[in-house]
Amino acid sequence: MDEEMKGAAQDGNIDAFYRKFEDNPSILKQIEALEFVETPLHTAASCGNTDFAIEMLSLRPSFGRKLDPRGYSPLDLALRNEQRDTVKQLILFDPKLIQVRSRGRKTPLHYVAENDDADLLSEFLVACPSAINSRTIRRETALHLAVSNKCFEAFQVLIGWICRTGNTRILD
430 MDEEMKGAAQ
440 DGNIDAFYRK
450 FEDNPSILKQ
460 IEALEFVETP
470 LHTAASCGNT
480 DFAIEMLSLR
490 PSFGRKLDPR
500 GYSPLDLALR
510 NEQRDTVKQL
520 ILFDPKLIQV
530 RSRGRKTPLH
540 YVAENDDADL
550 LSEFLVACPS
560 AINSRTIRRE
570 TALHLAVSNK
580 CFEAFQVLIG
590 WICRTGNTRI
600 LD
């Protein structure tokens with residue numbers, strides 16, 4: 430991604446993006462062809478430029494599943510940079526982003542569990558119930574991570590969810 434495109438994403442300047450797009454209509458396809466790349470969606474999500482991020486996700490839904498060179502998805506970056514509004518809008522647009530695996534095969538659900546973010550954990554479980562079954566490279570579930578990181582609130586949310594849904598197989 431060139432500096433002009435990156436600047437548009439950092440500033441949340443959708444008009445500047447479209448001007449760049451007019452100059453090179455295949456720019457998104459070129460970015461998409463790369464395996465591990467920081468897309469405009471990664472940049473916008475990191476900076477909390479929600480409208481720009483959703484615009485990118487609308488144009489290229491595949492960008493939501495792409496990992497950057499450090500192994501993070503756009504949703505991971507929004508979480509790590511505490512861009513809560515962007516996080517919520519991304520999962521509203523595509524709840525399956527909660528299951529995108531990044532470094533160590535961790536998902537955003539794992540991240541919120543190990544960081545004791547009970548509010549987002551609850552929202553993630555409601556938006557994408559099957560995400561609770563995801564396991565890391567070490568075969569850990571969100572529940573394992575909550576316990577090992579002494580995240581009491583996340584533990585309570587997860588146990589409550591398990592009791593309500595009857596999904597006891599993740600206790601293994």
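So the number in the numbering used here is just where the residue sits in the sequence shown, counting from 1, plus 429.
Ideal placement from N, C-alpha and C gives every residue a C-beta, glycine not left out.
- Listed in chain order, the non-local C-beta contacts of Arg534 below 6 Å within the same chain comprise Thr565 and Ile566, local neighbours out to five positions each way being set aside.
- Measuring C-alpha to C-alpha distances from Ile588 to each of Arg568, Cys557, Ala556 and Leu550 identifies Leu550 as the nearest.
- Membership of Gly436 in the alpha helix (DSSP H) is indicated by the continuous run Glu432 to Asp440.
- Secondary structure note for Lys458: its alpha helix (DSSP H) is the uninterrupted segment Ile456 to Ala462.
- Pairing Phe481 with Ala542 gives a Cβ-Cβ distance that is not under 9 Å.
- If you ignore the 5 residues before and after Arg530, its C-beta comes within less than 7 Å of the C-beta of Thr536, all in its own chain and listed in chain order.
- Inter-residue distance for Pro469 and Ala571 is about 29 Å (C-alpha atoms, whole angstroms).
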